[in-house]
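Note that full-length UniProt numbering gives residue 14 to position 14 of the sequence shown, counting from 1, and the numbers run on in steps of one.
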Amino acid sequence: MMEGLDDGPDFLSEEDRGVSPRAVNVDLQTDATLQVDISDALSERDKVKFTVHTKSTLPNFKQNEFSVVRQHEEFIWLHDSFVENEDYAGYIIPPAPPRPDFDASREKLQKLGEGEGSMTKEEFTKMKQELELGLIEQLIVQFMEKNMSLT
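If you want it as structure tokens, here you go:
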């Protein structure tokens with residue numbers, strides 16, 4: 001893991017702990033599932049944090065569901081670790097996720113907050129709609145980039 005960053009709770013079962021990831025046996029003939037959802041991008045000053053939700057019926061995990069918070073830099077580190085590791089040569093490694101741009105939205109929110117008393121109701125509504133549309137566009141672009149990299 002990245003130096004200085006919390007590895008989070010230990011989610012592997014007792015029998016799989018201490019075993020290298022390449023040595024973990026998983027029976028793919030069962031109906032076991034592993035579902036990972038990355039959501040809730042939050043900007044905290046200069047850091048972007050995501051909540052990673054995991055659901056699994058694989059016996060290798062202690063819990064069926066758990067969530068951890070990870071920084072954008074950790075995803076970049078993980079991506080680079082796979083790309084630079086010769087053991088993964090020949091595997092398709094999706095691109096690292098782009099860093100979400102919160103600055104434009106912050107500026108509009110600040111203007112919206114400052115101008116609330118001096119704007120007409122129509123101006124306020126228009127700026128609010130523009131902000132909402134911008135956020136929706138960002139989500140759609142991120143969703144499309146994520147799904148396009150998986151195909």
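Ideal Cβ placement from N, Cα and C applies to all residues, glycine included. Fair warning: this is a prediction, and the values are worked out from it, not measured in the lab.
Residue of the options minimising C-alpha distance to residue i
{"i": "alanine 41", "options": "Lys62, Ile93, Phe61 and Pro98", "result": "Pro98"}
{"i": "histidine 72", "options": "Gln110, Glu107, Lys126 and Glu44", "result": "Glu44"}
{"i": "glutamate 137", "options": "Thr120, Trp77, Glu107 and Pro100", "result": "Pro100"}
{"i": "serine 56", "options": "Trp77, Thr33 and Gly134", "result": "Thr33"}
{"i": "leucine 58", "options": "Gln35, Asp46, Ser39 and Trp77", "result": "Gln35"}
Reduced DSSP category for residue i - H, G, I as helix; E, B as strand; rest coil
{"i": "isoleucine 38", "result": "strand"}
{"i": "threonine 54", "result": "strand"}
{"i": "arginine 22", "result": "The pLDDT assigned to arginine 22 is 48, lower than 50, so where the model puts this residue is not dependable; a value taken from the coordinates is nonetheless given after this. Of the three classes helix, strand and coil, the one that applies to arginine 22 here is helix, per DSSP."}
{"i": "lysine 62", "result": "coil"}
{"i": "methionine 2", "result": "Note on methionine 2: pLDDT 46, under 50, position unreliable in the model; the coordinate value appears next. Looking at methionine 2 - three-state DSSP - the assignment turns out to be coil, as it is neither helix nor strand."}
Exposure label - residue i; buried when at least 16 CB within 10 Å
{"i": "valine 48", "result": "buried"}
Sequence-distant residues of the same chain with beta carbon closer than 6 Å to residue i, five excluded per side
{"i": "histidine 53", "result": "Asp37 and Ser67"}
{"i": "glutamine 63", "result": "none"}
{"i": "glutamate 65", "result": "Lys55"}
Contact set for residue i: own chain, Cβ-Cβ below 8 Å, skip 5 residues either direction
{"i": "leucine 139", "result": "none"}
{"i": "phenylalanine 75", "result": "Phe50, Ala96 and Pro97"}
{"i": "isoleucine 93", "result": "His79, Phe82 and Val83"}
{"i": "residue 152", "result": "Summary: the structure shown does not reach residue 152, with the chain confined to residues 1 through 151, and so no result is reported for it."}
{"i": "valine 69", "result": "Lys49, Phe50, Thr51 and Val52"}
{"i": "aspartate 31", "result": "Thr57"}
{"i": "glutamine 129", "result": "none"}
C-beta neighbour in chain B for residue i, strict 8 Å
{"i": "leucine 78", "result": "In summary, chain B is missing from the structure at hand, where a single protein chain is found."}
Close-in-space but distant-in-sequence residues of the same chain around residue i (CB under 7 Å, 5 per side omitted)
{"i": "glutamate 86", "result": "none"}
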